[in-house]
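Asks:
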Amino acid sequence: MYNHRNPLPPLARAGHIAHVKHALASLPGSQVNLDASRMAIVFYCVGSLDLLGVLQDETTEIDRTSWRRWIWEQYAGGRYGTGFKPGPFMTKTSVHSDQESPHLIMTYTALLSLSILRDDFSRLNRPGVLTFVRACQNPNGSFSSMPNNGGDSDLRNLYCAFCICSLLGDWSCIDVERAIAFVASCRTYEGGYGQLPSCEAHGGTTYLALASLRLAPPGPRARLTPAERARSENWLVHNQDASGGFRGRTGKASDTCYCFWGGAALQILGAEDKLDAYAFAQFIAACQFPFGGIAKAPGQGPDPYHTYLSLAAVAMYAPRLEASARRYGQWEFTPFDPLLNARVETVRWAREHIPARRF
Ligand SMILES: [Zn+2]
Numbered sequence: 000m001y002n003h004r005n006p007l008p009p010l011a012r013a014g015h016i017a018h019v020k021h022a023l024a025s026l027p028g029s030q031v032n033l034d035a036s037r038m039a040i041v042f043y044c045v046g047s048l049d050l051l052g053v054l055q056d057e058t059t060e061i062d063r064t065s066w067r068r069w070i071w072e073q074y075a076g077g078r079y080g081t082g083f084k085p086g087p088f089m090t091k092t093s094v095h096s097d098q099e100s101p102h103l104i105m106t107y108t109a110l111l112s113l114s115i116l117r118d119d120f121s122r123l124n125r126p127g128v129l130t131f132v133r134a135c136q137n138p139n140g141s142f143s144s145m146p147n148n149g150g151d152s153d154l155r156n157l158y159c160a161f162c163i164c165s166l167l168g169d170w171s172c173i174d175v176e177r178a179i180a181f182v183a184s185c186r187t188y189e190g191g192y193g194q195l196p197s198c199e200a201h202g203g204t205t206y207l208a209l210a211s212l213r214l215a216p217p218g219p220r221a222r223l224t225p226a227e228r229a230r231s232e233n234w235l236v237h238n239q240d241a242s243g244g245f246r247g248r249t250g251k252a253s254d255t256c257y258c259f260w261g262g263a264a265l266q267i268l269g270a271e272d273k274l275d276a277y278a279f280a281q282f283i284a285a286c287q288f289p290f291g292g293i294a295k296a297p298g299q300g301p302d303p304y305h306t307y308l309s310l311a312a313v314a315m316y317a318p319r320l321e322a323s324a325r326r327y328g329q330w331e332f333t334p335f336d337p338l339l340n341a342r343v344e345t346v347r348w349a350r351e352h353i354p355a356r357r358f
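Be aware that the sequence shown starts at 0, since it is given in numbering that gives the first Met the number 0, and climbs by one per residue.
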């Protein structure tokens, strides 16, 4: 089925554009079950349009202004600094009974979404964001999603804290050494990383760990030894199975989101040539839903999360496809940054427009 002599099916761009535009339009109102991650869904939708290079053509200035306004409406502050909430109806927790707290993952996705929408970041309180990130770090070096040990504490939050520090160009607010020691404690004998110490290695958290180590300011603790690097590479390569897709854990089925996590982790290690890019693209093409959007596996229903990560995965590996196959299938993308998980141009906009540090 995934024979290299088969032509690569076209990337159904028009259908994917329609899928994420529909998700953006239907977000307000009824989808209460998605409320806790609404900010992240906005990122997957506007991010998909950004990857496809159609944001200006497929949306109006009124759309983009209203999305920017909605994101800024989730910007909240308090004694633990300022950041972005997941959405307007977030449940208050007992830990933060006096305020609706910003959330680390949502702050990272909000900053990238605002950059995609070419916001000027004039409303961003830089010291407030740094105070918030600091308040999310725990004594063992890990990060919680909310200040003062609130919410989940795992590698997702640490990665988002590192992305925010990288985008703001300021690491002074956190204890980088202890954070890196926490990342190291999540490493497993297989060469992958678990969500927490002693957890099973997982494709998603392995990406988060390797990206965090590369984002960190240069230092001996952030470097893998050649033997560690080889073991990680080997574990990741063996997660690409006969379907061309990637599985998240040993023995599981392939899933398009793990194509991103595994594929990006190999790019970070500089081992992208170890991945079979043609089979990889074939698997993602087979997960395209006939009416638009991309699913986690062939025959399943699509969602913005798998659509975005699939497009990001092919954006990274399209340059490794033969030029004729790329052109024929419309698999053409602009450069992608595997560390920040956004287009290079979008990351550049954020770095240039987020208010600069004052000395
Ligand atoms: Zn998935």
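The beta carbon of each residue, even a glycine, is placed where N, CA and C say it ideally should be.
The model shown is predicted, which means the values in this text are computed figures rather than measured ones.
(1) Near ligand 1, which residues have their beta-carbon closer than 6 Å to a heavy atom?
(2) Which residues in the same chain have their Cβ closer than 6 Å to the Cβ of phenylalanine 282, if we skip the five residues on either side of it in sequence?
(3) Skipping 5 residues on each side, what residues in its chain have a beta carbon closer than 7 Å to that of phenylalanine 120?
(4) Work out the CA separation of serine 253 and aspartate 275 for me, nearest whole Å.
(5) Counting beta carbon pairs with one atom in the stretch 41-59 and one in the stretch 291-308, are three or more of them shorter than 8 Å?
(6) Considering only the alpha carbon of each residue, which of Gly82, Leu167, Gly218, Ile163 lies closest to isoleucine 179?
(7) By a C-beta neighbour count over all protein chains shown, 10 Å radius and 16 as the cutoff for buried, is glycine 298 buried or exposed?
(8) Please state whether the Cβ-Cβ distance between arginine 220 and glutamate 176 is less than 8 Å.
(9) Using the C-alpha atoms, what's the distance from methionine 38 back to glycine 28?
(10) Can you tell which of Leu103, Leu154, Ser25, Met145 has the C-alpha that lies nearest to the C-alpha of tryptophan 66?
(11) My guess is that alanine 200 and glycine 191 are in contact by the Cβ rule of under 8 Å, so how many angstroms apart are they, rounded?
(12) Going by DSSP in three states, tyrosine 158 sits in which element: helix, strand or coil?
(13) Might you give, ordered along the chain, the residues of its own chain that have their beta carbon closer than 7 Å to the beta carbon of leucine 166, omitting 5 neighbours on each side?
(14) Quick one: Cα of leucine 265 to Cα of proline 85, how far?
(15) Name the two residues that bound the continuous alpha helix (DSSP H) containing alanine 322.
(16) If you reduce the DSSP assignment to three classes, tell me which class glutamine 194 lands in.
(17) From valine 94 to valine 343, what distance separates their C-alpha atoms?
(18) Where does the unbroken beta strand (DSSP E) through alanine 75 begin, and where does it stop?
(19) Identify, in the order they occur along the chain, each residue of the same chain with its Cβ nearer than 6 Å to the Cβ of glycine 150, setting aside the five sequence neighbours on each side.
(20) Looking at C-alpha atoms only, which residue of Phe332, Tyr307, Arg325 is the closest neighbour of methionine 315?
(21) From cysteine 135 to leucine 103, what does the alpha carbon distance come to, in whole angstroms?
(22) Would you kindly report the start and end of the unbroken alpha helix (DSSP H) that includes phenylalanine 290?
(23) Grab the span of the beta strand (DSSP E) containing phenylalanine 42 for me, first residue to last.
(24) In three-state terms, what does DSSP make of histidine 102?
(25) Does aspartate 240 come out as helix, strand or coil in the three-state DSSP assignment?
(26) DSSP three-state label for serine 143, please.
Replies: Reading off the structure:
(1) Asp254, Cys256, Lys295, His305
(2) Ser242, Gly243, Gly244
(3) Leu113, His352, Ile353, Pro354
(4) 14 Å
(5) yes
(6) Gly218
(7) exposed
(8) yes
(9) For glycine 28, the predicted model reports a pLDDT of 48, less than 50, meaning its position is unreliable and no value from the coordinates is stated.
(10) Ser25
(11) 3 Å
(12) helix
(13) Leu110, Ala349, Arg350, Ile353
(14) 30 Å
(15) 322-328
(16) coil
(17) For valine 94, the predicted model reports a pLDDT of 43, less than 50, meaning its position is unreliable; a value from the coordinates is still stated below. Cα to Cα, the separation comes out at about 38 Å.
(18) 74-77
(19) Ser143, Ser144
(20) Phe332
(21) 8 Å
(22) It is not in any alpha helix (DSSP H) - phenylalanine 290 carries neither H nor E in the DSSP assignment.
(23) Looking at the DSSP string, phenylalanine 42 is not in any beta strand (DSSP E); the run it does join, the alpha helix (DSSP H), is 37-50.
(24) coil
(25) coil
(26) strand
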